[in-house]
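From first to last, the protein sequence lines are chains P and B.
Here the first sequence is numbered in numbering that gives the first Met the number 0, starting from 0 and rising by one per residue.
Here the second sequence is numbered in numbering that gives the first Met the number 0, starting from 0 and rising by one per residue.
A quick write-up on the structure given underneath.
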Amino acid sequence: MYSIIYVEESVRDMPQTIEILNRYQNAAIVDCSHYGELFNRRKQNFRTQKKEPTLIIARKENKRILPIPGEYAIDAKHNFYFSHMLNCLYDCRYCFLQGMFRSASHVIFVNYSDFKTDLTSHIENTEDSICFYSGYDCDSLALDPITDFTRNFIPLFKPYQHAFLELRTKSTQIRNLLTMEPLPNIICAFSLSPNEIVGKYEAKTPSLNARLAAISSLRDAGWNIALRFDPIIFVDDFYTVYKQFFHQIYAALGSRSIHSITLGSFRLPKIFHKNMKRLYPDEPLLINGLSLTNGQIAYEENLEKKLISWCENTLKNLDSVTPVYIQRSTV
Amino acid sequence: MNTFIMALKNEAYHLIKRYHLTLVVHQPFKVYQTQNMRVILSGVGKSSSYAATKFALEDRETHHGLWVNFGVAGDSALPVGSLVSISKVTEDDTGRSWYPYVKQHPKCYVKALRTYNSPICQYPLNSSCDMEASGFMAAVSEAISSEHIHVLKLISDNSSSGIGNLTKALMKQLVAENIELINTYIKSAEENLSIEPKSFPFSIEKMFQGQHFTVTQTHQLLELYRSFCALCPEEAWPSIELNNRDKPSDILAKLRLQITQLSPKL
């Protein structure tokens, strides 16, 4: 998959690095002193790089655990995110990473022990509920066979009942999870969209049916499942498309309990939207019905409210038990 | 338009021939050109390479093409005649590094390179070596998107042959032997060029000929035009009614309204 792999000199001999490099014996290995030399340089084109992304293996020096933007909290008292990876295998046209990062290279931070030390210290510093989100700057599971993220991080949460880890994914890479003991404080949160949207805007992702099959397998194995409908996208025949979609999900998943649902309409910080429009000037999704709302580029306020409240009501008619959290546009 | 920055005429000779380039500029650097490609002869050394690249960058129309530093290089181990796509360029005296874009090709090696101030006899262990690439990279990296930048080297001397055996004739011969491989590499690198943003077609430019748009208004007009094209790919221009009294701001307002109305309704 990767023909060029850049490796920070400081992690060249780490076991995690060696394991990854062993998988790509034909790749050209290039030493670099810091991943930022490649990832953050000014003149690059995310869209072009996405065609053939390179891999960078690096060390995350500091700021490993960060507080999450307020709108993303669910029900824990303290909420943080961390990223063992930057960027994603998939190529979703609405994804804010395209507007946030200059490079489409995949970065894997292999100093897991530093992450684990930081996580433990955050967890042990509080007795209140604390939740860590791992799928903000990447898909938590898409590269799990390579990163071994789940095997490395999930066991850390076993002794701490007040600490939660959300794995956010569109992936069907659940093999590692199925060989592990399910823990009640791990939330496997699947991002789902109607087939029409998967086909049009979520390039390289597994189909909706494949994701639903992965969800069923995990649930049968005893893992907590959460559903993420974010972004809700305003398409032609919106009501029909999304009604069918919600029904399809509940038909596939049956009545067993779901941890939580979140809903959020398509929205982007203004600067990310500007960058994305520069990359995809021909993409209607980045124009259709959008305007500057509450400091973000989003659907006009009334439209957004209509979309979200309709989705919320439809979901509540299908499932009155699962808590639904709305993630609104804030700056 | 692809731009090749090369040190010597002998290195460029077979490229000029293969692509039917003609000499169009004599000073300050010789430029050989056709519609799709140009070769700029910089002379030897990183300063010359830097200056020639800066000179070439003045033509902004060429920024969407490939930018290639091509020439001969030494290497401790690779056989003479090997084509190498350089993955990292390090300037020997400053330690500064750059990362040109690499396109993997089965017949092409991938390796790091060190740029020296003068010819060397002791080849570095893990890198090829030359005298120009860092000058090229220092100049081009500021202006050109990284996916367009390549450093391509042809090994002309190694530990067994030594630099003493490198002649003008050998340079020409090595390029001649690899010319089709170089061509294949360039074709494949072109696949990674970024998409040029849509600019106004001539008919639209003509429509607004009499109007005085400020620079900001021109950007806004172009932005609105691109939005319109995205929403209505089949149509050339929105059906808005313009009259002689419309100022640029009125035209922009009408266009904005039209684009808003194109969005679907619940």
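In this text, a Cβ means the ideal position worked out from N, Cα and C, and glycines have one as well.
Where the alpha helix (DSSP H) containing Leu-65 (chain B) begins and where it ends
To locate residue 65 (chain B), count along the second sequence from 1; it is residue 66. Leu-65 (chain B) -> no alpha helix (DSSP H), and no H or E assigned at all.
Pull up the distance between the alpha-carbon of Glu-299 (chain P) and that of Phe-265 (chain P), whole angstroms please.
Looking up residue 299 (chain P) in the first sequence gives position 300. Looking up residue 265 (chain P) in the first sequence gives position 266. So the two alpha carbons sit approximately 11 Å from each other.
Shortest alpha-carbon distance to Leu-11 (chain B) belongs to which of B:Phe-227, B:Leu-169, B:Cys-231, B:Glu-240?
Within the second sequence, the letter at position 12 stands for residue 11 (chain B). Sequence inspection shows Ala at residue 11 (chain B); the Leu mentioned does not correspond to that position. For the options B:Phe-227, B:Leu-169, B:Cys-231, B:Glu-240, the alpha carbon positioned closest to that of Ala-11 (chain B) is the one of B:Leu-169.
With distance defined between alpha-carbon atoms, name the residue in B:Leu-153, B:Gly-163, B:Ser-133 nearest to Gln-121 (chain B).
Mapped onto the second sequence, residue 121 (chain B) falls at position 122. Nearest option by C-alpha distance: B:Gly-163.
Chain P partners of Tyr-98 (chain B), CB-CB under 9 Å?
The count along the second sequence starts at 1 and reaches residue 98 (chain B) at position 99. Those within 9 Å of Tyr-98 (chain B) in chain P are Tyr-5, Val-29, Cys-31, Glu-36, Leu-37, Arg-40.
May I ask which residues mark the beginning and end of the beta strand (DSSP E) holding Ile-143 (chain B)?
Here the question's residue 143 (chain B) lines up with position 144 in the second sequence. Per DSSP, Ile-143 (chain B) belongs to no beta strand (DSSP E) and is neither H nor E.
Proximity winner among B:Gln-32, B:Gly-161, B:His-218, B:Lys-106, relative to Asp-74 (chain B) (alpha-carbon distances):
In the second sequence, counting from the first residue as 1, residue 74 (chain B) sits at position 75. It is B:Gly-161 whose Cα lies nearest to the Cα of Asp-74 (chain B).
Could you tell me if His-272 (chain P) is buried or exposed, where buried requires 16 or more neighbouring beta carbons within 10 angstroms of its beta carbon?
Along the first sequence, read from residue 1 onward, the residue named residue 272 (chain P) stands at position 273. A residue is called buried when at least 16 other Cβ atoms come within 10 angstroms of its Cβ; His-272 (chain P) meets this threshold and is buried.
Could you check the C-alpha separation between Thr-217 (chain B) and Lys-205 (chain B) for me, to the nearest Å?
Sequence index remark: in the second sequence, residue 217 (chain B) carries index 218 (1-based). Sequence index remark: in the second sequence, residue 205 (chain B) carries index 206 (1-based). Their backbone Cα atoms lie some 14 Å apart in a straight line.
Ranges of the alpha helix (DSSP H) found wholly within the stretch 163–247 of chain B, counting only runs of at least 4
Within the stretch 163–247 of chain B, the complete alpha helix (DSSP H) runs of at least 4 residues are 167–189, 201–206, 214–230.
Does the pairing of the stretch 108–127 of chain B with the stretch 73–92 of chain B give three or more beta-carbon distances under 8 Å?
Short answer: they touch.
Would you call Val-330 (chain P) buried or exposed, if buried means 16 or more other Cβ atoms sit within 10 Å of its Cβ?
Here the question's residue 330 (chain P) lines up with position 331 in the first sequence. Residue confidence for Val-330 (chain P) is low, a pLDDT of 45 falling below 50, so the modelled location carries little weight and cannot support an answer.
Any C-beta of chain P sitting closer than 8 Å to the C-beta of Val-83 (chain B)?
Residue 83 (chain B) sits at position 84 when you count from the first residue of the second sequence. It does not: the Cβ of Val-83 (chain B) has no partner Cβ on chain P nearer than 8 Å.
Mind listing the chain P neighbours of Leu-230 (chain B)? Cutoff is C-beta to C-beta under 8 Å, in chain order.
Here residue 230 (chain B) is taken as the residue at index 231 of the second sequence, counted from 1. Those within 8 Å of Leu-230 (chain B) in chain P are Pro-283, Ile-286, Asn-287.
Thr-292 (chain P): which of P:Glu-311, P:Ala-220, P:Lys-269 sits nearest, CA to CA?
Against the first sequence, residue 292 (chain P) aligns to sequence position 293. Residue P:Lys-269 is the option with its Cα nearest to Thr-292 (chain P).
Thinking just about the alpha-carbon of each residue, which of P:His-105, P:Ala-188, P:Leu-118, P:Asp-143 is nearest to the one in His-161 (chain P)?
Taking the first sequence and counting its residues from 1, the one referred to as residue 161 (chain P) is at position 162. Answer by Cα proximity: P:Leu-118.
May I ask you to report which of helix, strand or coil DSSP gives Arg-37 (chain B)?
By one-based count along the second sequence, residue 37 (chain B) stands at place 38. Strand at Arg-37 (chain B).
In whole angstroms, what is the alpha-carbon distance linking Ser-117 (chain B) and Ser-9 (chain P)?
Working through the second sequence from its first residue, we reach residue 117 (chain B) at position 118. Working through the first sequence from its first residue, we reach residue 9 (chain P) at position 10. Roughly 31 Å separates the two Cα atoms.
Since Phe-38 (chain P) is in the alpha helix (DSSP H), which residue starts that stretch and which ends it?
The residue labelled residue 38 (chain P) in the question sits at position 39 within the first sequence. In this chain, the alpha helix (DSSP H) harbouring Phe-38 (chain P) covers 35–38.
Ser-290 (chain P) versus Leu-302 (chain P) - alpha carbon distance:
Start at 1 with the first residue of the first sequence, and residue 290 (chain P) comes out as number 291. Start at 1 with the first residue of the first sequence, and residue 302 (chain P) comes out as number 303. C-alpha of Ser-290 (chain P) to C-alpha of Leu-302 (chain P): approximately 11 Å in a straight line.
Close-in-space but distant-in-sequence residues of the same chain around Trp-236 (chain B) (CB under 7 Å, 5 per side omitted)
Along the second sequence, read from residue 1 onward, the residue named residue 236 (chain B) stands at position 237. In the same chain as Trp-236 (chain B), and ignoring 5 residues on each side of it, the C-beta atoms closer than 7 Å to its own belong to Ile-203, in chain order.
Compare the C-alpha of Met-0 (chain B) against each of B:Leu-7, B:Ile-154, B:Glu-60 and name the closest.
Here the question's residue 0 (chain B) lines up with position 1 in the second sequence. Restricting attention to B:Leu-7, B:Ile-154, B:Glu-60, the CA atom closest to the CA of Met-0 (chain B) is found in B:Glu-60.
Using the C-alpha atoms, what's the distance from Val-174 (chain B) back to Thr-166 (chain B)?
Locating residue 166 (chain B) in the second sequence gives position 167, where the first residue counts as 1. Locating residue 174 (chain B) in the second sequence gives position 175, where the first residue counts as 1. So the alpha carbons of these two residues sit roughly 13 Å apart.
If you draw a straight line from the C-alpha of Ala-277 (chain P) to the C-alpha of His-246 (chain P), how long is it?
Here the question's residue 277 (chain P) lines up with position 278 in the first sequence. Here the question's residue 246 (chain P) lines up with position 247 in the first sequence. Residue identity check: residue 277 (chain P) is Arg in the sequence provided, not Ala. Straight-line spacing of the CA atoms in Arg-277 (chain P) and His-246 (chain P) works out to 37 Å.
Here's a check: name, in chain order, each residue in its chain whose Cβ is nearer than 7 Å to the Cβ of Gln-257 (chain B), leaving out the five neighbours to either side.
Residue 257 (chain B) sits at position 258 when you count from the first residue of the second sequence. Correct list, in chain order: Pro-237, Ile-239.
On the three-pair Cβ rule with 8 Å, is the stretch 251–260 of chain P touching the stretch 211–231 of chain P?
The stretch 251–260 of chain P, when compared against the stretch 211–231 of chain P, does touch it at the 8 Å Cβ threshold.
What are the residues of the stretch 30–44 of chain B that lie near chain P, defined by any Cβ-Cβ distance shorter than 9 Å?
From the stretch 30–44 of chain B, no residue has a Cβ closer than 9 Å to chain P.
With 8 Å set as the bound, which would you pick, yes or no: does the beta-carbon of Val-266 (chain B) sit closer than that to a beta-carbon of chain P?
One cannot answer for residue 266 (chain B) here, as it falls past the ends of chain B, which runs 0 to 265.
Helix, strand or coil for Glu-180 (chain P), going by three-state DSSP, please let me know.
What you label residue 180 (chain P) is simply residue 181 of the first sequence in a count that begins at 1. Annotated three-state conformation of Glu-180 (chain P) is coil, per DSSP.
Three-state class that DSSP yields for Tyr-324 (chain P) in the structure shown:
Residue 324 (chain P) sits at position 325 when you count from the first residue of the first sequence. Per DSSP, reduced to three states, the secondary structure at Tyr-324 (chain P) is strand.
In whole angstroms, what is the alpha-carbon distance linking Lys-49 (chain P) and Glu-195 (chain P)?
Taking the first sequence and counting its residues from 1, the one referred to as residue 49 (chain P) is at position 50. Taking the first sequence and counting its residues from 1, the one referred to as residue 195 (chain P) is at position 196. So the two alpha carbons sit approximately 22 Å from each other.
Who are the near neighbours of Ser-190 (chain P) in its chain, counting only those whose CB is closer than 6 Å to its CB and skipping five residues on each side?
Locating residue 190 (chain P) in the first sequence gives position 191, counting from the first residue. Once the five neighbours on either side are set aside, the close Cβ partners of Ser-190 (chain P) are Lys-169, Arg-227.
Which word fits Ala-202 (chain P), buried or exposed, when buried means at least 16 other C-beta atoms lie within 10 angstroms of its C-beta?
Position 203 of the first sequence, counted from the start, is the residue given in the question as residue 202 (chain P). Exposed, because fewer than 16 other Cβ atoms sit within 10 Å of the Cβ of Ala-202 (chain P).
How many Å lie between Gln-24 (chain P) and Pro-322 (chain P) at the Cα?
Position 25 of the first sequence, counted from the first residue, corresponds to residue 24 (chain P). Position 323 of the first sequence, counted from the first residue, corresponds to residue 322 (chain P). If I take the Cα positions, the gap works out to 47 Å.
According to DSSP, Gly-73 (chain B) sits in a beta bridge with which residue or residues?
Reading the second sequence from its first residue, position 74 is the one you call residue 73 (chain B). Bridge partners of Gly-73 (chain B): B:Cys-128, B:Asp-156.
Is the beta carbon of Arg-17 (chain B) less than 8 Å from the beta carbon of Ile-178 (chain B)?
The residue labelled residue 17 (chain B) in the question sits at position 18 within the second sequence. The residue labelled residue 178 (chain B) in the question sits at position 179 within the second sequence. Yes.
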